[in-house]
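In the numbering used here, the protein residues as written are 1 to 129.
Here's what the structure looks like:
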């Protein structure tokens, strides 16, 4: 080693930083920042997965209850099941974290279907169309 020209700490020539390395950051600090970012991303994915499973399970339970009541001739289940599916699908889209540009058309379509179903005359059996 030449004591007249010590090797710079940040990996560059003559005290200049390496081309891909920001000023003042060592490789160890950069690696720690990357590890923190990965941990944060994994935590967000874990939350999204848990929330999605919870919402889907609730939706299946709700649809099962509606189907059971329909089987016992207590209610007409077809529209309630469809509306439940629309609400569950909208909740899943929100939890999964799609951007506004991706969700807007889908939410609009789900709202249109829900509006059509609620406005349909078959909802009340006594009404003559």
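Beta carbons: idealized from backbone N, C-alpha and C, even for Gly.
Three-state class that DSSP yields for residue i in the structure shown
{"i": "residue 130", "result": "The chain is shown from 1 up to 129; residue 130 falls before or after that span and cannot be answered."}
{"i": "residue 26", "result": "coil"}
{"i": "residue 42", "result": "helix"}
{"i": "residue 140", "result": "A query on residue 140 cannot be resolved here, the shown segment of the chain reaching from 1 to 129 and no further."}
{"i": "residue 72", "result": "coil"}
{"i": "residue 12", "result": "Note that residue 12 scores 49 on pLDDT, short of 50, meaning its location in the model is unreliable; the coordinates nonetheless yield the value given after this. Residue state, collapsed to three classes: coil."}
Own chain residues within Cβ distance below 7 angstroms of residue i, not counting five before or after
{"i": "residue 113", "result": "86"}
Buried or exposed by the 16-neighbour rule on C-beta atoms within 10 Å, applied to residue i
{"i": "residue 65", "result": "exposed"}
{"i": "residue 116", "result": "exposed"}
Nonlocal neighbours in the same chain, by C-beta distance under 6 angstroms from residue i, ignoring five residues either side
{"i": "residue 77", "result": "66, 67, 70"}
{"i": "residue 62", "result": "84"}
{"i": "residue 118", "result": "none"}
Contact set for residue i: own chain, Cβ-Cβ below 8 angstroms, skip 5 residues either direction
{"i": "residue 53", "result": "none"}
Selected residue, minimal CA-CA separation from residue i, among the options
{"i": "residue 56", "options": "28, 104, 90", "result": "90"}
{"i": "residue 92", "options": "29, 59, 44", "result": "59"}
Contact between the segment 92-103 and the segment 38-51 (3+ Cβ pairs under 8 angstroms): Under the three-pair Cβ rule at 8 angstroms, the segment 92-103 counts as touching the segment 38-51.
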